[in-house]
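In my numbering, the protein residues as written are 42 to 496. Heads up: the structure comes next, in structure tokens.
What follows is the structure in structure tokens.
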């Protein structure tokens, strides 16, 4: 079967591109190997289910009752989460399936040539041919070579843990990255005893030390235990065994989460055989227009090895849409590319949540940029007092000579909303004084930007 376009992966970029090209009367094949992944990682196993459970966990944390009551509330939350995800997944499928010129194939894709893709389905194997092929296969949990985790029923990834209907009384998390910390916060609020284990001594090394220390302090005060700088991690049944300061420790757990990052999902695509370049981590190498090393093949989203955010995947779609609209002969005239993409914010939905955009103090000093460092405690914000959420700090990095905002870090309630205001200000090259004097509604967390940039 011959198509104008073949898209491998039903993620954010892939589904958006499919809908756009279908409206341009292109004949499209969309391949997804799992019926439970229509809509991509975010809807099914990432952002949406975790944030739904986070809100449920907040409710449980504020309710009275022992572990048994909390375990029942957790079970109901998992069931409600599954209902929500199933509904969203169905809507995503139906939205594309309504197009007569989009054919959705449920099967595993592998390249036969630059223009041909094999699709192995449950009952048959077919070959699709396409003029343009787009890879949007996302990322998958990284499994490190830790003894005892393979085939162990107690061991979970961030995806499988959220399918477990039984609240672990004791949860042990291997890995203190953003995913591990989000889940630590969430399960602690549900009522689990949580221990986070990490080989490295440094905590959140990409963040400024004062920010990282504040995050760790807040989580520790809530009762989350950290074991950093450990060696010789292995798993024996339901125990995580490690050494620290030449002493062996054993941590018993009802569930063990391996949260050691995610890797690009390229396995089985047979990319080597057709000359698609990949880096050492298995990410597909792309240029500023998201072209791979093969002219008619593009890649977008997490599979390219860039920061793994669904909104970045959507932005990849925008880049590709712009390139396709002008055609190959004029692609160098496309104004918006990966290189011209502006500030990328991110949020970590902890309890207390953290959000950041731009460079931090450490990075600015490494570049010898003259800066002003502005800080204020969250306790000074009236809305924080209203919410009774006064932990954390706000921090901004401003160019000393130009007054331009270089970066902002917000460790406070509603930081995930506030950061978008700062990102827009930075994108439009606003001065710090413009946020200092901006009119914001009251009482809100966002109005704290007035005070932060007045420091």
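C-beta: ideal position from N, C-alpha, C; glycine also.
Rounded to whole angstroms, what's the CA-CA distance from residue i to residue j? Just pull it up for me.
| i | j | result |
| --- | --- | --- |
| residue 405 | residue 420 | 27 Å |
| residue 275 | residue 189 | 6 Å |
| residue 470 | residue 290 | 52 Å |
| residue 53 | residue 355 | 6 Å |
| residue 34 | residue 255 | Residue 34 falls outside the range modelled here, since the chain spans only 42 to 496, and no answer is possible. |
| residue 345 | residue 325 | 5 Å |
| residue 66 | residue 410 | 51 Å |
| residue 135 | residue 250 | 47 Å |
| residue 222 | residue 141 | 44 Å |
| residue 132 | residue 113 | 29 Å |
| residue 153 | residue 300 | 34 Å |
| residue 126 | residue 363 | 31 Å |
| residue 99 | residue 61 | 38 Å |
| residue 462 | residue 156 | 44 Å |
| residue 122 | residue 334 | 40 Å |
| residue 58 | residue 358 | 6 Å |
| residue 139 | residue 266 | 50 Å |
| residue 482 | residue 488 | 7 Å |
| residue 89 | residue 365 | 30 Å |
| residue 455 | residue 95 | 14 Å |
| residue 38 | residue 124 | Examination of residue 38 is not possible in this model, given that the chain is present from 42 through 496 alone. |
| residue 283 | residue 464 | 41 Å |
| residue 490 | residue 418 | 12 Å |
| residue 373 | residue 201 | 43 Å |
| residue 273 | residue 185 | 13 Å |
| residue 460 | residue 193 | 40 Å |
| residue 75 | residue 187 | 27 Å |
Taking the alpha carbon of residue i as the reference point, which residue from the options has its own alpha carbon closest?
| i | options | result |
| --- | --- | --- |
| residue 97 | 117, 258, 107, 249 | 117 |
| residue 305 | 379, 248, 296, 340 | 340 |
| residue 210 | 197, 233, 390 | 233 |
| residue 349 | 303, 319, 151, 335 | 303 |
| residue 496 | 413, 464, 482, 314 | 413 |
| residue 277 | 261, 91, 296 | 296 |
| residue 434 | 441, 440, 415 | 415 |
| residue 294 | 167, 207, 45 | 207 |
| residue 44 | 146, 129, 312, 127 | 146 |
| residue 262 | 476, 224, 432, 46 | 432 |
| residue 247 | 399, 332, 86 | 399 |
| residue 402 | 440, 426, 368 | 440 |
| residue 286 | 298, 280, 270 | 270 |
| residue 430 | 259, 268, 317 | 259 |
| residue 485 | 458, 473, 382 | 458 |
| residue 384 | 426, 143, 446 | 446 |
| residue 438 | 425, 474, 422 | 474 |
| residue 264 | 229, 273, 63 | 229 |
| residue 375 | 408, 312, 456, 329 | 329 |
| residue 181 | 93, 308, 266 | 308 |
| residue 56 | 137, 121, 90 | 137 |
| residue 292 | 195, 490, 314 | 195 |
| residue 77 | 444, 343, 130 | 130 |
| residue 183 | 381, 298, 282, 436 | 298 |
| residue 472 | 494, 487, 455, 482 | 494 |
| residue 42 | 94, 465, 143, 91 | 143 |
| residue 347 | 336, 338, 322 | 322 |
| residue 368 | 320, 337, 352 | 337 |
| residue 379 | 423, 327, 407, 424 | 327 |
| residue 468 | 443, 381, 389 | 381 |
| residue 422 | 476, 492, 119 | 492 |
Residues bridged to residue i by DSSP?
| i | result |
| --- | --- |
| residue 451 | 396, 435 |
| residue 70 | 47, 144 |
| residue 266 | 236 |
| residue 446 | 439 |
| residue 166 | 161 |
| residue 213 | 236, 297 |
| residue 417 | 435 |
| residue 181 | 304 |
| residue 319 | 325 |
| residue 292 | 281 |
| residue 259 | According to DSSP, residue 259 bridges with nothing at all. |
| residue 174 | 47, 338 |
Could you give the C-beta distance for residue i and residue j, rounded to a whole number, given that I count them as a contact under 8 Å?
| i | j | result |
| --- | --- | --- |
| residue 69 | residue 150 | 14 Å between Cβ atoms; not a contact. |
| residue 377 | residue 360 | 6 Å |
| residue 148 | residue 160 | 4 Å |
| residue 391 | residue 226 | 5 Å |
| residue 236 | residue 268 | 6 Å |
| residue 115 | residue 231 | 5 Å |
| residue 199 | residue 220 | 5 Å |
Quick one: any contact between the region 227-243 and the region 208-217, if contact means 3 or more CB pairs under 8 Å?
yes
Examine the Cβ distances between the region 166-186 and the region 67-87 and report whether three or more of them are shorter than 8 Å.
yes
Cβ pair count under 8 Å reaching 3, the region 380-400 against the region 441-458
yes
Measuring CB atoms only, is the region 245-262 touching the region 161-175, in the sense that at least three cross pairs come out at less than 8 Å?
Counting Cβ pairs under 8 Å, fewer than three are found: no touch.
Is it a yes or a no for the region 97-113 touching the region 47-63, going by three-plus beta-carbon pairs under 8 Å?
Three or more beta-carbon pairs separated by less than 8 Å are not found between the region 97-113 and the region 47-63, which leaves the two stretches without contact.
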